[in-house]
Amino acid sequence: MPSPADRFHESQFRYSASAHAVLSNIPSLTGQDPLELPPDGGFKHIIWNQFRIPGLLELGSAYAEGQGLYDESAKTWRTEVRIAIEQGNVLDVLTFGRISARLVSSYPVDSNQPYFSVLGTVFDDLRIAGSEVQIEFDKVYGEPTRYDQLLNLERFQGDRFLKQADSDRPALASFVSKVNIESESLKNIVRVDGNVIYVPDFGKIRLGEIAIDPEWWMLTLIHLELEGAFTGEIRLGNLNSRYDREMREEGPAEGRDMELSTNLDEEEEAEVRNDLNQWVNTHPRPDEPFLFFMGRSLTPVEFFREVEEKTSFGVSFLRFLAEQSKEADERPRDAIRRAVDANGTE
Amino acid sequence: MKSILILSTCYDVNSSYTASWAQELHDDLVRQKDTSCFLYDAQYLCRSGTALADMVERVDYVVFYGHGTNDSWIALPDLPGASAKVAAIPLVDSGSVSVLNGRKVYAGCCWSLNGLGNDYHVKFPAGEFVGYSDVFGFESYNEKYFKEIVHQSVISFINGDTAATIATNLKAEWDALRARFYSGNLRTRQNAAMAAKVAKLNSQRIGSKP
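So, in structure tokens, the structure goes:
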């Protein structure tokens, strides 16, 4: 039986993960339903039937599954999303027997950054123009890693794939560390650079691409940039997982019976309540809406009631006061006192 | 030459504010060099055949100010009190997201980043979408500060910043507003502490696709 505090943590979190068998800007390849993990977590799976656009892309079958749950013992939200695609053929140039990967993310309650890892990676019978391509995987992505830990690894300091980390775009990396092509005839045709294979009159094949930012990872098993008779992008086996932890302001009032800590001590909380009471009583328009969340609004009287009854929004506001007053090196009541004083200035 | 379509609704107190923001944005944008800008009330486009598609086809950017759910922008609200409940009518939802035709999108409404935004991203991987992952809010006495941040971010988007840049900058702008209301130069304004809280929530909820 989870404790009230654990149930509260569980209700705070919104799971966010998805999987696509095919993502593309080529019109005939759009429109497949993705797997979307519900915000409440749980388990979900999807099977995509045979996918066949003759002459362009054929996939024998594909499926994905996602799971989101709160691990009480580890005090961690955990999200997993997995995809597998079998019997792929792109323009009779790139073929594979099976590709698969699992993106795992864990969000400890007391952490401000999630951990991500990539497991179960498979590129089975990957071939270019009939010749086999061997893949080696970078083991660092198999361990749960935070964004800042990843960037601090010495080996990534000069890595060209992570250059975007300095900009506001996600950093790009790959869990494919090496591509080996044994066929001499193929070696003479294609060019390999890291995880990227350039094929003349076909385009670029990026293997095991990961877009990384502190709270979001997107993995693409095979990312194609077609440059020949067909132009456009195709992503095969795309997984997304995002950190989306916050209070559910609009959620049910179940939080009222739980042990919700405001992070204020008793004296501070009493001071804030007293001053808020005074703020309402001196407010020039106590019954007119002043706070707008597109969908609902609060009057000063309703706002006070939210705090008084310790709804999830009320607790969230008290926590905000606790956090901000610490930062501003003042008592939590001080901000409310200023609001009381401001009432008299109108 | 840039072309922008602003869609807004105005049927309750919340949307009355954002509708006036849309009007001001339109008035500013039509005065900008090499820019054409159209402002429409969304309720007139939600069931008007191909009118929305025709409008979208002629613009580079679509901006929506109004109420949103996880997977729709609402054109007409529901009527829950009726004996037979009358459902809301969306302007755009998951089933009709293709009407956005890959145009760059700024969703100045609640929720639509993850649901509708994902659907948009699936349909248009090269497209760009700015929105909120949860409720978007503002405080009425200090409304102008909220409006100004939204307004400037739309203009930056239209003038070439990527959706990811807009989201990153907005996160910082909302957080800066939070600090100004709580302990900065706006701390003595009416309802400042409450406005600070709403600005913080906005900073946590803004995002983009990709």
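These protein sequences, in sequence, are chains P and S.
Counted the way this note's numbering counts, the first sequence spans residues 1 to 346.
Counted the way this note's numbering counts, the second sequence spans residues 347 to 556.
Ideal Cβ placement from N, Cα and C applies to all residues, glycine included.
Values in this document were obtained by computation on a predicted structure and should not be read as measured data.
Query                                                                                                                               : Result
First and last residue of the uninterrupted alpha helix (DSSP H) at P/VAL315                                                        : 312-328
Boundaries of the beta strand (DSSP E) in which S/PRO436 is found, first to last residue                                            : 435-439
Exposed unless 16 or more other CB atoms sit within 10 angstroms - verdict on S/MET347                                              : exposed
P/VAL122 versus P/ARG273, P/VAL307, P/LEU221, P/LEU239, residue with shortest Cα-Cα distance                                        : P/LEU221
Residues that DSSP places opposite P/ILE222 in a beta bridge                                                                        : P/LEU207, P/LEU236
Coil, strand or helix - P/MET258 by DSSP                                                                                            : With a pLDDT of 40 at P/MET258, under the threshold of 50, the modelled position of this residue cannot be trusted, and the question is left open.
Distance CB(S/ILE504)-CB(S/ILE350) smaller than 8 Å                                                                                 : yes
Element boundaries [beta strand (DSSP E), containing P/GLN134]                                                                      : 131-137
Partners in chain S for P/ASP341, counting only beta-carbon separations shorter than 9 Å                                            : THR534
Contacts around P/VAL307, its chain only, beta-carbon distance under 8 Å, and the 5 residues preceding and following it disregarded : VAL272, ARG273, LEU276, GLY314, PHE317, LEU318
Length of the line joining the Cα atoms of P/GLU72 and P/PHE116                                                                     : 19 Å
Per-residue DSSP class, three states only, for P/ARG102                                                                             : strand
Given P/GLU266 as reference, the closest of P/ARG206, P/ARG296, P/ARG331, P/MET294 once Cα atoms are compared                       : P/ARG331
Where P/PRO332 sits in the DSSP three-state scheme                                                                                  : helix
The segment 191-210 of chain P in contact with the segment 224-237 of chain P per 3-pair CB rule at 8 Å                             : yes
Buried versus exposed, by CB contacts within 10 Å (16 or more), P/PHE43                                                             : exposed
Minimum C-alpha distance to S/THR514 - residue among S/ASN531, S/PHE492, S/ALA541, S/ASN548                                         : S/ASN548
Sufficient close CB pairs (3 or more, under 8 Å) joining the segment 444-459 of chain S to the segment 470-490 of chain S           : yes
Partner residues on chain P for S/VAL544, Cβ-Cβ distance less than 7 Å                                                              : LEU291
Any 3 or more C-beta pairs closer than 8 Å across the segment 189-199 of chain P and the segment 231-238 of chain P                 : no
S/LEU523 vs S/ILE495 beta-carbon contact at 8 Å                                                                                     : yes
Terminal residues of the beta strand (DSSP E) in which P/ASN89 lies                                                                 : 76-90
Cβ of S/GLY483 within 8 Å of any chain P Cβ                                                                                         : yes
Inside the segment 426-509 of chain S only - beta strand (DSSP E) runs reaching at least 3 residues                                 : 435-439, 450-454, 475-478, 483-485
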